[in-house]
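J.: Listed in order, the protein sequences are those of chains A and B. In terms of numbering that gives the first Met the number 0, the first sequence opens at residue 0 and continues consecutively. In terms of numbering that gives the first Met the number 0, the second sequence opens at residue 0 and continues consecutively. Beta carbons are placed, not taken as given, at the ideal position from N, Cα and C, and that holds for glycine. Because the structure is a prediction, the values reported are computed rather than measured.
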Amino acid sequence: MPYASSRGVRLYYEEAGKGVPIVFVHEFSGDLRSWEPQMRHFSRRYRCVAFNARGYPPSEVPASPSKYAHAIATDDIVSVMRRLGIAKAHIIGCSMGAYATLQFGLRYPRRALSLTAIGAGAGSDPAKRAQFLRNRAAMERLFREQGMKAAASILQRAPHRVQLEIKNPRGAREFWKHFVEGSALGHALTLRGIQSRRPTLYSLGDRFARMKVPNHIVVGDEDDGALGPGLFIKRVCPAARLTVVRATGHLVSVEEPDLFNRITEDFLNLVDSGRWRPRDPRSLNLSTMARKT
Amino acid sequence: MPFADSKGVQLYYEEAGTGFPIVFVHEFAHDLRSWEPQLRYFSRRYRCIAYNARGYPPSDVPKSVSQYSQAIATDDIANVMRHLGIRKAHIVGCSMGGYATLHFGLRYAGMARSITVIGAGYGSDPDKRAQFLRDTEVMARRFEELGTPEAIKVYQIGPARVQLQNKDPRAFQEFCEAFAGHSPLGSANTLRGVQAKRPTIYSLERGLARMKVPTHILSGDEDNNCLEPGIFVKRVCPAVRLTVVPGTGHAVNVEEPDTFNRLTDDFLALVDSGRWRPRVTPRSSS
Numbered sequence: 000m001p002y003a004s005s006r007g008v009r010l011y012y013e014e015a016g017k018g019v020p021i022v023f024v025h026e027f028s029g030d031l032r033s034w035e036p037q038m039r040h041f042s043r044r045y046r047c048v049a050f051n052a053r054g055y056p057p058s059e060v061p062a063s064p065s066k067y068a069h070a071i072a073t074d075d076i077v078s079v080m081r082r083l084g085i086a087k088a089h090i091i092g093c094s095m096g097a098y099a100t101l102q103f104g105l106r107y108p109r110r111a112l113s114l115t116a117i118g119a120g121a122g123s124d125p126a127k128r129a130q131f132l133r134n135r136a137a138m139e140r141l142f143r144e145q146g147m148k149a150a151a152s153i154l155q156r157a158p159h160r161v162q163l164e165i166k167n168p169r170g171a172r173e174f175w176k177h178f179v180e181g182s183a184l185g186h187a188l189t190l191r192g193i194q195s196r197r198p199t200l201y202s203l204g205d206r207f208a209r210m211k212v213p214n215h216i217v218v219g220d221e222d223d224g225a226l227g228p229g230l231f232i233k234r235v236c237p238a239a240r241l242t243v244v245r246a247t248g249h250l251v252s253v254e255e256p257d258l259f260n261r262i263t264e265d266f267l268n269l270v271d272s273g274r275w276r277p278r279d280p281r282s283l284n285l286s287t288m289a290r291k292t
Numbered sequence: 000m001p002f003a004d005s006k007g008v009q010l011y012y013e014e015a016g017t018g019f020p021i022v023f024v025h026e027f028a029h030d031l032r033s034w035e036p037q038l039r040y041f042s043r044r045y046r047c048i049a050y051n052a053r054g055y056p057p058s059d060v061p062k063s064v065s066q067y068s069q070a071i072a073t074d075d076i077a078n079v080m081r082h083l084g085i086r087k088a089h090i091v092g093c094s095m096g097g098y099a100t101l102h103f104g105l106r107y108a109g110m111a112r113s114i115t116v117i118g119a120g121y122g123s124d125p126d127k128r129a130q131f132l133r134d135t136e137v138m139a140r141r142f143e144e145l146g147t148p149e150a151i152k153v154y155q156i157g158p159a160r161v162q163l164q165n166k167d168p169r170a171f172q173e174f175c176e177a178f179a180g181h182s183p184l185g186s187a188n189t190l191r192g193v194q195a196k197r198p199t200i201y202s203l204e205r206g207l208a209r210m211k212v213p214t215h216i217l218s219g220d221e222d223n224n225c226l227e228p229g230i231f232v233k234r235v236c237p238a239v240r241l242t243v244v245p246g247t248g249h250a251v252n253v254e255e256p257d258t259f260n261r262l263t264d265d266f267l268a269l270v271d272s273g274r275w276r277p278r279v280t281p282r283s284s285s
């Protein structure tokens, strides 16, 4: 099995296809298997790399809480790229992986051809911040005390996850079957070290305003925690484009793989062609009329 | 030329295809020609009808501003349908036509199998309401004083139009030419009678919360004034699905016809199949 080493922790990865590289970064309740429809689609034209985060076997599950942090999760992307000799790639992440992807764009812009961030922003809303942190702490206890199955039964009923079950029960069964195979310790430490401590997206506004990497923010219209942050990034960052996907929850790439692949392909094509441009400053005023003619 | 009578005002329409009907309702800055890519695509499976609003020749241009309002614009849709013997249709509207379509869903629910609303919401933000009303009056005067081709020079390169200019100069040119041919009186009356006086999206909350018509709201991600109203409608109405289209301004169907046609085809097919369901509440809205 292929591994990349990142600060002494072994990360499992898979590869498919040849060409310009795409690196896929999974979310909290998934692992690299969540990207299967993307690996199959994009490997026709790209070199696709997906890896499991630390805490997600076959990647190592370090027992020390200090080994889990959002900055480390971002560095892990770089470590996987170095292992594979990849200088620059399109980075695509979902949820927790989308957060790492956006941080990658802020910290390693020269290594990113583009960023695609799905469902990023949970825990950003200041009015719901305290509730978010309480919820993370309760989830951490649940993982430690009752294990993966108990956690699955709660998570799959979350308001931004029920859409998968409603639309695609077969896909949902597979998704949660994969989930319960994960490490309860790894998930508990991920909740504590990464999810509860990362800065909110709203607090990064100044840095997003300066970020030049072409980026595509993708959010389900029923992913309430991510809609506001998605709109926020679109507004502050001229390099951002925003897609909201209808009747969809948190896991856009899992819930709507065909649509996600299509809009992502459009975006990657535009960037790869060299014709991508940031937002036209003329589009920023709030009238219907131009400021000057 | 075919016309439908709406309380004495003659409305010009065009038809293409056979099957279940779709009625297309155009925006302020355009006319039925804006739906050309949709008429060509959907006429393969649907009976497509597009008409010009009052004030847009060849439709009549009533002289009195009292002949123009949100309610009348909504009734005009029903009257075009009645003229054609259509009892129920999918309604698809853009911007001003999107507002009329949304009101149609509220007032004529029995005549709508579904509604699709593109880029509606301008003028809804309470903080910018005063600026909206000023802008609307400025534009109305420009039409009266300068004539259409000169009046629209500030409008056709507005902040939610430059996207079309940048991405599809040929379509932009066509849009400007069609716009330049509009009646200055009809445009000024539409601005004052319909746009300046229509209720904001936010004021429709109670009706929207109860609306059962399957609804698809679409907005460009750079259509500054329509993004929040779209999210608002999604949040209050369980029958609503929301799409935001990347790198796109106001008239999504003109800027991104392929994307729009595909999304709309998916939505109409879901509704036609009988498998459409409203948002699961309260599980997915807590």
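Taking the continuous beta strand (DSSP E) assigned at residue 113 of chain B, which residues delimit it?
T.: 111-117
J.: Starting from the C-beta of residue 19 of chain A, find all residues in its chain whose C-beta is less than 6 Å away, skip the five residues before and the five after it, and write them out in chain order.
T.: 45
J.: How is the beta strand (DSSP E) around residue 186 of chain A delimited, first residue to last?
T.: Element bounds for residue 186 of chain A: not the beta strand (DSSP E) but the alpha helix (DSSP H), 183-189.
J.: Can you have a look at residue 51 of chain B and say buried or exposed, based on whether 16 or more other CB atoms are within 10 angstroms of its CB?
T.: Buried: at least 16 other Cβ atoms inside 10 Å.
J.: Run through chain B and tell me which residues come within less than 8 Å of residue 260 of chain A, C-beta to C-beta.
T.: Here the premise fails: no neighbours, minimum Cβ distance about 13 Å.
J.: Determine the extent of the beta strand (DSSP E) in which residue 214 of chain A is found, giving its start and end residues.
T.: 214-219 is the extent of the beta strand (DSSP E) around residue 214 of chain A.
J.: I want to see whether chain A comes within less than 7 Å of residue 220 of chain B, judged by CB atoms only; does it?
T.: yes
J.: Does the stretch 14-23 of chain B touch the stretch 158-173 of chain B, meaning 3 or more C-beta pairs lie closer than 8 Å?
T.: no
J.: Go through its chain and collect everything with a Cβ distance to residue 107 of chain A's Cβ below 7 Å, but skip five positions before and after it.
T.: 77.
J.: Could you tell me which whole beta strand (DSSP E) segments of length 3 or greater appear in the stretch 175-204 of chain B?
T.: none
J.: Is it buried or exposed, residue 0 of chain B, if we count other Cβ atoms within 10 angstroms and call 16 or more buried?
T.: exposed
J.: Does the beta-carbon of residue 140 of chain A have 16 or more other beta-carbons within 10 angstroms, so that it is buried, or is it exposed?
T.: exposed
J.: Over what stretch of residues does the beta strand (DSSP E) that includes residue 240 of chain A continue unbroken?
T.: 239-244
J.: Taking just the CA atoms, how far does residue 52 of chain A sit from residue 27 of chain A?
T.: Roughly 9 Å separates the two Cα atoms.
J.: Would residue 39 of chain A count as contacting chain B if we go by Cβ distances under 7 Å?
T.: Residue 39 of chain A does not count as touching chain B.
J.: Along the beta strand (DSSP E) that carries residue 122 of chain B, what are the first and last residues, could you check?
T.: Premise fails: residue 122 of chain B is in no beta strand (DSSP E) and is neither H nor E.
J.: Output the distance between the C-alpha atoms of residue 285 of chain B and residue 221 of chain A, rounded to the nearest integer angstrom.
T.: Residue confidence is low: residue 285 of chain B scores 48 on pLDDT, short of 50, so the model does not pin down where it sits. Its coordinate-derived value is still stated next. Between the C-alpha atoms of residue 285 of chain B and residue 221 of chain A there is a straight-line separation of about 10 Å.
J.: Using 7 Å as the limit for Cβ to Cβ distance, is residue 284 of chain A near chain B?
T.: yes
J.: Within this structure, are the beta carbons of residue 188 of chain A and residue 67 of chain A separated by less than 7 Å?
T.: Yes; because the gap between Cβ atoms is below 7 Å, this pair is in contact.
J.: If you measure beta-carbon to beta-carbon, which residues of the stretch 153-170 of chain B are closer than 9 Å to chain A?
T.: 153, 154, 155, 156, 157, 158, 159, 160, 161, 162, 164, 165
J.: For a test of the three-state rule: what should DSSP assign to residue 334 of chain B, helix, strand or coil?
T.: One cannot answer for residue 334 of chain B here, as it falls past the ends of chain B, which runs 0 to 285.
J.: Would you list, in chain order, the members of the stretch 14-34 of chain A that have their beta-carbon closer than 9 Å to a beta-carbon of chain B?
T.: none
J.: Give me the Cα-Cα distance between residue 292 of chain A and residue 152 of chain B, rounded to the nearest whole angstrom.
T.: A caution first: residue 292 of chain A carries a pLDDT of 48, below 50, which makes its placement in the model too unreliable to give a value.
J.: Specify, as a first and last residue, the run of the alpha helix (DSSP H) that residue 258 of chain A falls within.
T.: Unbroken alpha helix (DSSP H) run through residue 258 of chain A: 256-271.
J.: Inspect the beta-carbon positions of residue 63 of chain A and residue 11 of chain A and report whether they are closer than 7 Å.
T.: no
J.: Let me know if residue 94 of chain A comes out buried or exposed under the rule of 16 or more other beta-carbons within 10 Å of its beta-carbon.
T.: buried
J.: Going along chain A in order, which residues have a C-beta closer than 7 Å to the C-beta of residue 243 of chain B?
T.: 241, 242, 243
J.: If you reduce the DSSP assignment to three classes, tell me which class residue 16 of chain B lands in.
T.: coil
J.: Answer yes or no: do residue 16 of chain B and residue 42 of chain B have a C-beta to C-beta separation smaller than 7 Å?
T.: Residue 16 of chain B is a Cβ neighbour of residue 42 of chain B, given a cutoff of 7 Å.
J.: Between which residues of its own chain and residue 275 of chain B is the CB-CB distance below 7 Å, once the five residues before and five after are set aside?
T.: Cβ within range, chain order: 213, 269.
J.: Name the chain A residues whose beta carbon is nearer than 7 Å to that of residue 223 of chain B?
T.: 285
J.: Leaving out five residues before and five after residue 220 of chain B in sequence, what residues of the same chain have Cβ atoms less than 8 Å from its Cβ?
T.: 226, 243, 244, 245, 246, 247
J.: Near residue 171 of chain A, what residues of its chain come up, given a Cβ to Cβ distance below 8 Å and the 5 sequence neighbours on each side ignored?
T.: 155, 163, 164
J.: For residue 91 of chain A and residue 21 of chain A, which I take to be in contact (beta-carbon distance under 8 Å), what is that distance rounded to the nearest angstrom?
T.: Correct: roughly 6 Å between the Cβ atoms.
J.: Any idea if residue 262 of chain A is buried or exposed, counting beta-carbon neighbours within 10 angstroms, 16 or more meaning buried?
T.: In this structure residue 262 of chain A is buried. Its beta-carbon is surrounded by 16 or more other beta-carbon atoms within 10 angstroms.
J.: If I follow the unbroken alpha helix (DSSP H) through residue 263 of chain B, where does it start and stop?
T.: 256-271
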